[in-house]
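Residue numbers (my numbering): 1 to 342. Glycine is no exception: its CB is placed at the ideal position from the N, C-alpha and C atoms.
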């Protein structure tokens, strides 16, 4: 039978069971809904560590890439070098390499670093400091602020002649582009003189249009001197349409090409008297040109050289005839006008 006492005890038991059940659900929900703080911190730490390692790797890779060129370059006259010795700030200095390739440093005086890489120069300075007893186990760090010796000199027919740096592999068109390209008077050839072999110059052909990529796009090296010569000029004078001097677009130009650039010959020209006046080591020389036969394809078209003068004389007979014809036409025109207006 159910008693009040039993009923009370049963009610309390039920209440305790209900509370325990609900508390267990709450604990499970809390466990499912929340993340362990230590686990979260551990994950964040791992991510930060990975990001830091990635940055360090990227920086190291960037440094290696940036230093790839500098490790190959050699010091030369005019380069500005910054030097420091670990633990000895008094020896930190900036110095410029002299024309003889020497570098002046405190304590050890002059050190010859010309044609040495940074690593070689550092090792040499460390040895001098150690052998002289100035620093025990020295560690030298060197940086190049200015690579003055790593430039090429561009002269002649370019927009901006001057000295341009050459770091890494560079070709002729790269340097010409940096100098602003060719001028209108630039020729087709360029002379390259190497610093280490000044007696042997390289002659290359250039294109007036760099974007076409034609010509001898040769490699250039630090210390090279590049000279772009002016194009040759031929002169056409006498009884032609536009007597003047004309730039040679190529190494040579023919008589007919020169005549065409001058607007052709006039009606009063004496074609048989055409001649070229050419400068030689023995003075000026004249050569008769069979222009009439050349125009009729009965004689080969002759090449001209730079500074040649092509002279086309006037024919006295043709001049008189054409002037007489002009006079007759003028008189006839005047009579016609008078007759029309009495």
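Distance, residue j Cα to residue i Cα
i: residue 183; j: residue 300; result: 33 angstroms
i: residue 134; j: residue 179; result: 47 angstroms
i: residue 115; j: residue 232; result: 40 angstroms
i: residue 117; j: residue 157; result: 34 angstroms
i: residue 187; j: residue 98; result: 36 angstroms
i: residue 265; j: residue 293; result: 14 angstroms
i: residue 147; j: residue 94; result: 14 angstroms
i: residue 252; j: residue 306; result: 8 angstroms
i: residue 128; j: residue 140; result: 11 angstroms
i: residue 153; j: residue 160; result: 11 angstroms
i: residue 272; j: residue 205; result: 37 angstroms
i: residue 237; j: residue 254; result: 15 angstroms
i: residue 124; j: residue 217; result: 38 angstroms
i: residue 250; j: residue 168; result: 32 angstroms
i: residue 177; j: residue 106; result: 42 angstroms
i: residue 291; j: residue 197; result: 47 angstroms
i: residue 229; j: residue 256; result: 25 angstroms
i: residue 302; j: residue 195; result: 40 angstroms
i: residue 175; j: residue 192; result: 12 angstroms
i: residue 108; j: residue 164; result: 33 angstroms
i: residue 96; j: residue 136; result: 26 angstroms
i: residue 304; j: residue 199; result: 31 angstroms
i: residue 85; j: residue 172; result: 40 angstroms
i: residue 91; j: residue 121; result: 16 angstroms
i: residue 110; j: residue 185; result: 47 angstroms
i: residue 310; j: residue 286; result: 10 angstroms
i: residue 101; j: residue 282; result: 47 angstroms
CB contact below 8 angstroms: residue i versus chain B
i: residue 240; result: The structure shown contains no chain B; it holds only a single protein chain.
Where residue i falls, given that 16 or more other Cβ within 10 Å makes a residue buried
i: residue 270; result: buried
i: residue 162; result: exposed
i: residue 296; result: exposed
i: residue 190; result: buried
i: residue 280; result: exposed
i: residue 104; result: exposed
i: residue 308; result: buried
i: residue 131; result: exposed
i: residue 89; result: exposed
i: residue 316; result: exposed
i: residue 239; result: buried
i: residue 222; result: buried
i: residue 260; result: exposed
i: residue 245; result: exposed
Cβ pair residue i, residue j closer than 8 angstroms
i: residue 343; j: residue 248; result: With the chain represented from 1 up to 342, any question about residue 343 goes unanswered, as that position is not in the structure.
i: residue 166; j: residue 181; result: no
i: residue 87; j: residue 149; result: no
i: residue 242; j: residue 258; result: no
i: residue 312; j: residue 274; result: yes
i: residue 268; j: residue 201; result: no
i: residue 145; j: residue 83; result: no
i: residue 75; j: residue 113; result: yes
i: residue 138; j: residue 126; result: yes
i: residue 220; j: residue 170; result: yes
i: residue 417; j: residue 143; result: Residue 417 lies beyond the stretch modelled for the chain, which goes from 1 to 342, so this question has no answer here.
i: residue 284; j: residue 277; result: yes
Bridge-paired residues (DSSP) for residue i
i: residue 112; result: 102
i: residue 285; result: 278
i: residue 237; result: 311
i: residue 83; result: 93, 142
i: residue 303; result: 254
i: residue 296; result: Its beta-bridge partners do not exist; DSSP assigns none.
i: residue 88; result: 85
i: residue 228; result: 156, 190
Residue i Cβ short of 7 angstroms to the ligand PLP heavy atom set
i: residue 267; result: With respect to the ligand PLP, the structure shown offers nothing to examine, as it has no ligands at all.
Query raised in the report: In the segment 137-225, which residue ranges form an unbroken beta strand (DSSP E) of at least 3 residues, counting only runs that do not cross its ends?
Result: For the segment 137-225, whole beta strand (DSSP E) runs of length 3 or above, ordered along the chain, are 140-146, 151-156, 162-165, 186-194, 197-205.
Query raised in the report: What runs of the beta strand (DSSP E), each 3 residues or longer, lie entirely inside the segment 241-270?
Result: Listed in chain order, the beta strand (DSSP E) elements of length 3 or more contained wholly in the segment 241-270 are 244-247.
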